[in-house]
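Using our numbering, the letters of the sequence shown correspond one by one to residues 78 to 279. Ideal Cβ positions, reconstructed from N, Cα and C, are used throughout, including at glycine. In this text the structure is predicted, and so the values were computed from the model without any measurement. Data first, discussion second: the structure below is written as structure tokens.
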Amino acid sequence: LKRSSEALERYEAALAFYRDIGDRLGEANTLQAIGDVLQFLKRSSEALERYEAALAFYRDIGDRLGEANTLQAIGDVLQFLKRSSEALERYEAALAFYRDIGDRLGEANTLQAIGILQENLTLGLEYCQAALELYTQIGTKYSQSRNLIYFTSEILLKLGRQKEAVDALNRAIELAREIPHQIFVEDATAKLREIQENHKFH
């Protein structure tokens, strides 16, 4: 927390400097960075203010990637605040930008975020699997494993598709070992154990 507040001070100083010299891109990037720190500190309403200010700058200077990233960040804050329909609007807008500029990782992350917010589980699964497909094409094992453990397998379990969930978790463990990323291995293993325990009582 101390480091975060120190970072905030540095960013605020940088912001004043960029304003002073009229560097609008520098100002936008710094506003976004301040928003990230504030959201990390769970000061969500302040984070939103900074992101909205950054968004206005990016739009003004025509930085479409900056705009897409900020829309996604705003969506994340709104999701955290349980303002789901507003979050979806921002994610859908970000998705259109990412597709337009060909940022496949941004597209995948946003598809996953949209999937999590779907009330219809089957539709949510489709979004998460579309994200997984993109992660696979890009070759990011970290994002594939994370998707399988925390999103795809969760939805499969809610849909009662236990065998597919187990397969997803086993695949996630393989990927996590290749990276290697021990936390993913442990989380996926714990989930598999939980499924086995639940199965015993049915």
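- Residue 223 sits buried, since 16 or more C-beta atoms from the chains shown fall within 10 Å of its C-beta.
- In this model, residue 85 and residue 243 are separated by some 43 Å (Cα to Cα).
- Taking 8 Å as the cut-off, the beta carbon of residue 183 is found no closer than this to the beta carbon of residue 208.
- At the C-beta level, residue 172 and residue 188 come within 8 Å of one another.
- The beta carbons of residue 149 and residue 186 sit about 7 Å from each other, so the pair counts as a contact at 8 Å.
- Here residue 138 carries a helix assignment [DSSP, helix/strand/coil].
- The shortest CA-to-CA distance from residue 112 to any of 176, 146, 136, 100 is the one to 146.
- With a threshold of 16 other beta carbon atoms within 10 Å, residue 206 meets it and is buried.
- With respect to residue 127, residue 108 sits close: the two C-beta atoms are nearer than 8 Å.
- With a cutoff of 8 Å on beta-carbon distance, residue 194 and residue 225 are scored as not near each other.
- Each residue's CA atom was taken as its position, placing residue 235 and residue 273 some 15 Å apart.
- Where residue 79 is concerned, the enclosing alpha helix (DSSP H) starts and stops at 79-98.
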